[in-house]
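Asker: In the working numbering, the protein residues as written are 1006 to 1490. If you scroll down you'll find the structure; I have some questions about it.
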Amino acid sequence: MSKRSVGESLEPPEALRIEFVPAVHGFSLPAIGLAYTSTMQWMFRRYHVTTFGCQMNAHDSERIKGMLEELGLGEAASQAEADIVVFNTCTIREKPDTKFAAYMGEAAARKRERPEMIIAVGGCYAEAQRERLFSLYPDVDVAFGPGTIPHLGEWLGAGGFGVERGAWGTGVEREFAATLPMHRERRFQAWVQISMGCNSTCSYCIVPAVRGREVSRRPGDVLAEVTHLAQQGVRELTLLGQNVNSWGRDLLPEIHTEFGELLRACDAVEGIERIRFTSPHPKDFRRPVIEAMAECAAVCEHAHLPLQSGATRILKMMRRTYSRERYLKLVGELRAAIPDLALTTDIIVGFPGETEDDFRETLAVVEEVGFDGAFTFVYSPRAGTDAAAMADQIPDEIKRDRIERLVELVQRLAAERNQERIGRVEEVLVEGPSRTDPSVLRGRTRRNTTVNFTGAAAAGELVDVLIDRASSTTLGGVQQIAVAV
Ligand code: SAM
Ligand code: SF4
C-alpha cells in the first residue's frame, strides 16, 4: 500500500465512520487518528519520533511509537511530514542538549507555518529542564519525563487532538512502559527493560537526578514478556537497565533473587538463542552473574564493562566504588570463566583534576585489557552534579588532546582484536543488507561485532560466516553453506 502525504484527501470509507472506539490504556478515543475537517476531507495524522542518547531511550521510543500507533497515528518518514513531532531527549552530556536545540529550532519554524502541528518533548533533558522547558522553548505543547510514557496518550489527547498546550505530563508516578504496545524495528530482536533509575552516585552523572531511584521489574513480569517475545519470533534479547546487574536488590524483602538467576531464567525460554545485557556496573559483577554467563548457552560472550578511568584516584573522585586493581581482577575472572569473551567499555577523559599521569594510567589499563571497542567521552559538566562544582576543571584543548590519543589507542587495539578473528567461522545473526552496499549482507556475531558478508540469507537467520578481513569496527567474510555428503 502506498503511503499518503499529510493533507491528501480521500473519500471517507464507510468502515472509518467511527465515532468512538474502545478504551485504550484507561481512556476512550473519539475517532482515533482521523480528523473530519471543515472541508469534509479526511486526514490521516502522522507522527515522527526523534531519539537522542542511549539504548534505554531507543527502547522508550519503541513504546512511544507503539502507543501513538495504537492511538491510530501512522509513522511519517520525516519530521517535516509529521503532525505530531516527538523528541525523546538525552542530557547525559552537553552535546545532545545542543543537538536537541537545533532540531527544536527547525520544528518551531515549521510550527509557525502549521500551527496545528504538535510538539512533544520527553526524556532526560525534558526532566532536567522541567522548570524552564516551556520558557526556553515556547513552541513545545507537551513535555514528559522518562518513566511516564504510559500517560503520553492522555496528554496528547485522542489521536493527537484536544492537546492541552504547554502541559507538563510528569505529575504521575514512574511506571514501566512494558505493558504498552511496541513498535520494534526488527521482529527477531528485542530490548527488555528490567529496571529503571539508578542508585549509584557517580559524581559526574545526571542519570539518577532525571531517572530517579532504581526500581526492579518483578521477575514474573520480565519472564512473561520474554516468553511472549519468543512466541512472536524474537531470537535475540537485550536486557536493559541503567545498572542492569544490580537488578533484584530492591525486591529482596519479598523475592530473593539476583541478576544471575534472571539470566538463567531467560536462557531457559524456548526460542531465545542470544541474550545480551547493558550496562552492568563493575561493582555488581558478582560470582553468580559470571557463572550464569559461563553456563547459559544463550548468553553471549560479550560484556560491556564501563571503566570510566584507569586511575584509582580519579575513580574515587568519580565515586565509582572500585579501584583500577579491582577492575583488572574482574576482567581476569571474566576471561577465565568465559573463553573468547569480548570486552567493551565506556571511558571519560578530562574529569576535573585529571592529570597527565592519571590519563596515562587510563591508557595503560586500556592497553592491558585490550578492549574490543569503547565509547569514549570528553567529560561534560552537568548542572547539579558534584563534579560540575569541583575545582580544577580541565581546559578544552587538553580534553581534546586526550580524547584523540585515547581514540587512536582504542582503534588500534580493536583492529588488532578483530584481525585475530580472520580465518575463524563466526555465528552471525543476519540483520539485513549492508547499509553501504545492498549487495552484501550485514549481521552481528555473538561477540557483538558487525560483519558484512556475501551470502544468501534472510534477516533473522543464524548463519556461519568465514571471516576473511577486519577493520577496527567491522569484520568481513563469506557465508558457509553446509553441504550434505
Ligand atoms: N550506567 C552505566 C554505567 O554506569 O556504566 C552508563 C550510563 S551512561 C548513559 C553512559 C555513559 O555516559 C557513562 O558510562 C559515561 O561514560 C558517560 N557519561 C555519563 N556522564 C557523563 C558526563 N557528565 N560527561 C561525559 N560522559 C558522561
Ligand atoms: Fe550514571 Fe553511575 Fe548510574 Fe551509570 S551507574 S547511570 S554512570 S550514576
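Beta carbons: idealized from backbone N, C-alpha and C, even for Gly.
For V1488, which three-state DSSP category applies?
Answerer: Looking at V1488 - three-state DSSP - the assignment turns out to be coil, as it is neither helix nor strand.
Asker: Look up S1477 in the DSSP assignment and give the residues it is bridged to.
Answerer: The partner list for S1477 (beta bridge, DSSP) is empty, contrary to what the question assumes.
Asker: If I measure Cβ to Cβ from G1038 and keep anything under 8 angstroms in the same chain, skipping five residues before and after, which residues do I get?
Answerer: Note that G1038 has pLDDT 41, beneath the 50 cutoff, so the model's placement of it is unreliable and no number is given.
Asker: Let's test the definition: count the other Cβ atoms within 10 Å of the Cβ of S1314 and tell me whether it reaches 16, buried, or not, exposed.
Answerer: When all chains shown are included, S1314 counts as buried.
Asker: Roughly how far, in whole angstroms, is the beta-carbon of S1208 from the beta-carbon of M1323, given that I think they are within contact range, below 8 angstroms?
Answerer: With a Cβ gap of about 6 angstroms, S1208 and M1323 count as contacting.
Asker: Taking V1374 as part of the alpha helix (DSSP H), name the residues at either end of that continuous run.
Answerer: Counting along the chain, the alpha helix (DSSP H) containing V1374 begins and ends at 1361–1374.
Asker: Can you tell me which of the three DSSP states I978 falls into?
Answerer: Lying before the first or after the last residue shown, residue 978 is absent from the chain, which here runs from 1006 to 1490.
Asker: Answer with buried or exposed for G1389, where buried requires no fewer than 16 other C-beta atoms within 10 angstroms of its C-beta.
Answerer: By the 10 Å Cβ count, G1389 comes out exposed.
Asker: Short of 6 angstroms in beta carbon distance, which residues of its chain neighbour G1481, apart from the five on each side in sequence? Order them along the chain.
Answerer: For G1481, where only same-chain residues beyond five positions count, the Cβ hits under 6 angstroms are N1457, R1474.
Asker: May I ask you to report which of helix, strand or coil DSSP gives I1343?
Answerer: Note: I1343 maps to coil in three-state DSSP.
Asker: From the DSSP output, in three-state form, read off I1089 for me.
Answerer: Strand, per DSSP.
Asker: Rounded to the nearest angstrom, what separates G1331 and V1294 at their Cα positions?
Answerer: Here residue 1331 is Arg; the residue named in the question, Gly, does not match the sequence. Approximately 17 angstroms, taken between the alpha carbons.
Asker: Does DSSP put G1378 in a helix, in a strand, or in coil?
Answerer: Strand.
Asker: Helix or strand or just coil, what does DSSP make of L1034?
Answerer: At L1034, the pLDDT of 36 sits below 50, so the modelled position is not reliable; the number obtained from the coordinates is stated separately. Of the three classes helix, strand and coil, the one that applies to L1034 here is strand, per DSSP.
Asker: What first and last residue would you give for the beta strand (DSSP E) that runs through L1310?
Answerer: Taken as a continuous stretch (DSSP letters only), L1310 belongs to no beta strand (DSSP E), as it is neither H nor E.
Asker: Would you kindly work out how many angstroms separate the C-alpha atoms of R1135 and E1263, rounded to a whole number?
Answerer: Near 34 angstroms, if we compare the C-alpha coordinates of E1263 and R1135.
Asker: How about I1492 and M1298: do their beta carbons lie closer than 7 angstroms?
Answerer: With the chain covering only 1006 through 1490, there is no way to say anything about residue 1492.
Asker: Write down the C-beta distance between Y1130 and T1096 rounded to the nearest angstrom, noting that I regard them as a contact closer than 8 angstroms.
Answerer: With a Cβ gap of about 4 angstroms, Y1130 and T1096 count as contacting.
Asker: If you count every other CB in all the chains shown that lies within 10 Å of the CB of T1478, and 16 or more means buried, which is it?
Answerer: With fewer than 16 Cβ atoms within 10 Å of its Cβ, T1478 is classed as exposed.
Asker: Hey, which residues come within less than 6 angstroms of the ligand SF4, measuring from Cβ to any heavy atom, in chain order?
Answerer: Result: C1203, S1205, C1207, C1210, V1212, P1213, Q1247, N1248, H1286.
Asker: Quick one: is the Cβ of I1097 within less than 6 angstroms of any heavy atom of the ligand SAM?
Answerer: Flag set: Cβ of I1097 near the ligand SAM.
Asker: Under the three-state reduction of DSSP, which class applies to V1435: helix, strand or coil?
Answerer: In the structure shown, V1435 sits in a strand (DSSP, three-state: E or B).
Asker: Buried or exposed: which applies to R1447, given that a residue is buried once 16 or more other Cβ atoms fall within 10 Å of its Cβ?
Answerer: Buried: at least 16 other Cβ atoms inside 10 Å.
Asker: Is N1062 helix, strand or coil by DSSP?
Answerer: In the structure shown, N1062 sits in a helix (DSSP, three-state: H, G or I).
Asker: Among A1369, G1460, S1476, which residue has its Cα nearest to the Cα of A1420?
Answerer: The shortest Cα separation from A1420 among A1369, G1460, S1476 belongs to S1476.
Asker: Where do the N-terminal and C-terminal ends of the alpha helix (DSSP H) with M1198 fall, by residue?
Answerer: The sequence as given places Gln at residue 1198; Met does not occur at that position. Looking at the DSSP string, Q1198 is not in any alpha helix (DSSP H); the run it does join, the beta strand (DSSP E), is 1194–1198.
Asker: Near G1428, what residues of its chain come up, given a Cβ to Cβ distance below 6 angstroms and the 5 sequence neighbours on each side ignored?
Answerer: Contacts found: none.
Asker: How would you call L1257, buried or exposed, if buried means at least 16 neighbouring beta carbons within 10 angstroms?
Answerer: It counts as exposed.
Asker: Where are the alpha helix (DSSP H) runs, 4 residues long or more, that stay fully inside the region 1192–1270, in chain order?
Answerer: With a minimum length of 4 residues, the continuous alpha helix (DSSP H) runs that stay inside the region 1192–1270 are 1212–1216, 1224–1236.
Asker: Going by DSSP, what residue range makes up the alpha helix (DSSP H) through L1446?
Answerer: No alpha helix (DSSP H) holds L1446; the beta strand (DSSP E) holding it covers 1446–1450.
Asker: Compare the Cα-Cα distances from E1266 to each of R1240, E1300, F1149 and report the closest residue.
Answerer: Per the Cα distances, E1300.
Asker: Closest by CA to E1219, which one among G1238, L1245, V1231, V1239?
Answerer: Answer by Cα proximity: L1245.
Asker: Within its chain, find whatever has a CB closer than 6 angstroms to the CB of F1364; leave out the 5 residues flanking it on each side and keep chain order.
Answerer: So the qualifying residues of the chain are R1407.
Asker: A1316 by DSSP, collapsed to three states: which one?
Answerer: Note: A1316 maps to coil in three-state DSSP.
Asker: CA-CA distance, E1099 and N1093?
Answerer: Their backbone Cα atoms lie some 15 angstroms apart in a straight line.
Asker: Identify every residue that forms a DSSP beta bridge with R1279.
Answerer: Answer by DSSP bridge pairing, in chain order: E1241.
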